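Position one of the sequence shown corresponds to residue 14 (the numbering used here), numbered consecutively onward. All residues carry an ideal CB built from backbone N, CA and C; glycine is no exception. Since we're looking at a predicted model, the values are computed, not measured. Scroll down for the structure; my scribbles are underneath it.
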Amino acid sequence: MNRNTLFFITSPILALSCGGGGSSTLLENPPPTIVAPPTISPTPEQDYETVYEAQLDSDGLGLGMPPYTIIRNAFGSNSIEAPDVFSGDHQTIEHIVEDYDDVVGHHFLFVAHRDEDGNKGEFIDRQRNEIKIYGSSYEALKGFENSIFEYTWRFKAAANLELSTKFTHFFQLKAVGGDDQQPIITISGAERSGLDGIEVRYSPLVSTEILDRNAWSEVAGEWLEVFCRAKYSDFGKLELEVKRMRDQTTILSVKQTEIDLWRGTESGHFVRPKWGIYRSVVETRNLRAEEEHVRFANFVVREVKPIAIDE
């Protein structure tokens, strides 16, 4: 697929496919030369203070706990949706392992296999290797109505990862309860008009829009760091920024007010994040048969509240 430079899209593109509902060679562990954890925090119109914060970090290949244990300790026992944890799916290897590089240090490596992986034990038109917050996660990790959450993390898609015209989601904000079939917000890769790109998608109740998009060539094989702040309300707010770590170039930037980020109908409904590789495999010709890699590091989930301004 063509990876030439794309222009930014400033008007919505509607009726997109959004993907709702429905052994790797590792490096040795050299002495760490690690940059500081993500510090992206766009200049706020309002200052915030932390209500609760949780972190998820790799502790090193072969150095500490197994990666699945680390993830489950942070997000809950059923927080992993990897093919190898579902009966009848691709169970011969673990799909989330730990690795190291000299940019972020220890991190998680998510893998996908076009012809072997399914979607939670089903082999239909898509495949999934994700981690998530869910119903049995700590209550403090769930985005209930009118709450404000910040999410920061780093990720890197391999330079040779292939995209289709459908969807490859690396991040989702997805409702649990109410009208929860489609993700509310995603960071996704997709081919459009013959050009690969990375984009922020928004799915209101009618159709899906692209809030920002940039050329895949700007991010392929690059570590990115992400800041996302969301107020979960019918008239919510979204601030999302993706920067390339190498030179701090802003790749994607979204600021929306009065945006519908709530789908719940009951007090127990919530919004939660998901990270990993969730993609359509309808267009087999557009996807490589070889193992695909996406790396993730330094997850932070933080509930915040505005700091009162003294009059």
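Let me check understanding here. Comparing Cα to Cα, which of the options lies closest to residue i?
{"i": "R371", "options": "E158, F136, N86, Q261", "result": "Because the chain here runs from 14 to 324, residue 371 falls outside it and cannot be looked at."}
{"i": "D60", "options": "G281, E254, R242", "result": "R242"}
{"i": "E332", "options": "V219, L174, G190", "result": "As displayed, the chain neither begins before 14 nor continues past 324, which places residue 332 out of reach and without an answer."}
{"i": "P217", "options": "P196, W229, R226, N227", "result": "P196"}
{"i": "H119", "options": "D273, R308, M258", "result": "R308"}
{"i": "L186", "options": "H306, S230, I161", "result": "I161"}
{"i": "S149", "options": "Y245, R141, N86, F121", "result": "N86"}
{"i": "S206", "options": "F312, L176, V255", "result": "L176"}
{"i": "V110", "options": "Y151, G202, I93", "result": "I93"}
{"i": "D193", "options": "S230, L251, D114, V284", "result": "V284"}
{"i": "D273", "options": "N227, V239, S246, Q104", "result": "S246"}
{"i": "F180", "options": "R214, K155, Y151", "result": "R214"}
{"i": "K169", "options": "R259, L300, S293, V295", "result": "R259"}
{"i": "S230", "options": "A171, K250, I223", "result": "A171"}
{"i": "F248", "options": "G234, T270, Y147, F240", "result": "T270"}
{"i": "L74", "options": "T178, L251, L122", "result": "L122"}
{"i": "V116", "options": "G234, T82, H306", "result": "G234"}
{"i": "I223", "options": "L208, R298, S201, F88", "result": "S201"}
So what does DSSP say about residue i, is it helix, strand or coil?
{"i": "P45", "result": "Residue placement at P45 is poorly supported in this model, since its pLDDT is 39, which falls under 50; the coordinates still yield a value, given next. Three-state DSSP puts P45 in coil, outside helix and strand."}
{"i": "H306", "result": "strand"}
{"i": "S230", "result": "helix"}
{"i": "V294", "result": "coil"}
{"i": "Y215", "result": "strand"}
{"i": "N311", "result": "strand"}
{"i": "D193", "result": "coil"}
{"i": "L251", "result": "strand"}
{"i": "N299", "result": "helix"}
{"i": "D97", "result": "helix"}
{"i": "A153", "result": "helix"}
{"i": "F21", "result": "At F21, the pLDDT of 33 sits below 50, so the modelled position is not reliable and the matter cannot be decided from this model."}
{"i": "V317", "result": "strand"}
{"i": "F180", "result": "coil"}
{"i": "Q7", "result": "This structure does not reach residue 7, given that the chain is present from 14 up to 324, and the question cannot be answered."}
{"i": "S160", "result": "coil"}
{"i": "G77", "result": "coil"}
{"i": "E135", "result": "strand"}
{"i": "A9", "result": "Because the chain is modelled from 14 through 324, residue 9 falls outside the range shown and cannot be assessed."}
{"i": "S266", "result": "strand"}
{"i": "T165", "result": "strand"}
{"i": "G118", "result": "strand"}
{"i": "T52", "result": "Low local confidence applies: a pLDDT of 49 at T52 is under 50, so the model's placement there is unreliable, with the coordinate-based value given in what follows. Residue state, collapsed to three classes: coil."}
With a 10 Å radius around its C-beta and 16 neighbouring C-beta atoms as the bar for buried, classify residue i as buried or exposed.
{"i": "K318", "result": "exposed"}
{"i": "E143", "result": "buried"}
{"i": "W210", "result": "The sequence given here places Gly at residue 210; Trp does not occur at that position. Buried is the call here."}
{"i": "V124", "result": "buried"}
{"i": "L265", "result": "buried"}
{"i": "D225", "result": "buried"}
{"i": "E158", "result": "buried"}
{"i": "Q68", "result": "exposed"}
{"i": "P45", "result": "Residue placement at P45 is poorly supported in this model, since its pLDDT is 39, which falls under 50; the coordinates are not used for a value here."}
{"i": "A321", "result": "exposed"}
{"i": "Q140", "result": "buried"}
{"i": "R276", "result": "buried"}
{"i": "V314", "result": "buried"}
{"i": "N91", "result": "exposed"}
{"i": "V232", "result": "buried"}
{"i": "T82", "result": "exposed"}
{"i": "A310", "result": "buried"}
{"i": "L300", "result": "buried"}
Counting along the chain, where does the beta strand (DSSP E) carrying residue i start and finish?
{"i": "T63", "result": "61-69"}
{"i": "R242", "result": "237-244"}
{"i": "W275", "result": "Per DSSP, W275 belongs to no beta strand (DSSP E) and is neither H nor E."}
{"i": "G202", "result": "198-205"}
{"i": "K145", "result": "139-145"}
{"i": "V110", "result": "109-114"}
Just to confirm the assignment, what range does the alpha helix (DSSP H) spanning residue i have?
{"i": "F88", "result": "80-88"}
Could you please give me the residues that DSSP links to residue i through a beta bridge?
{"i": "I223", "result": "R214"}
{"i": "V124", "result": "H306"}
{"i": "A188", "result": "V284"}
{"i": "G289", "result": "E143"}
{"i": "D209", "result": "E204"}
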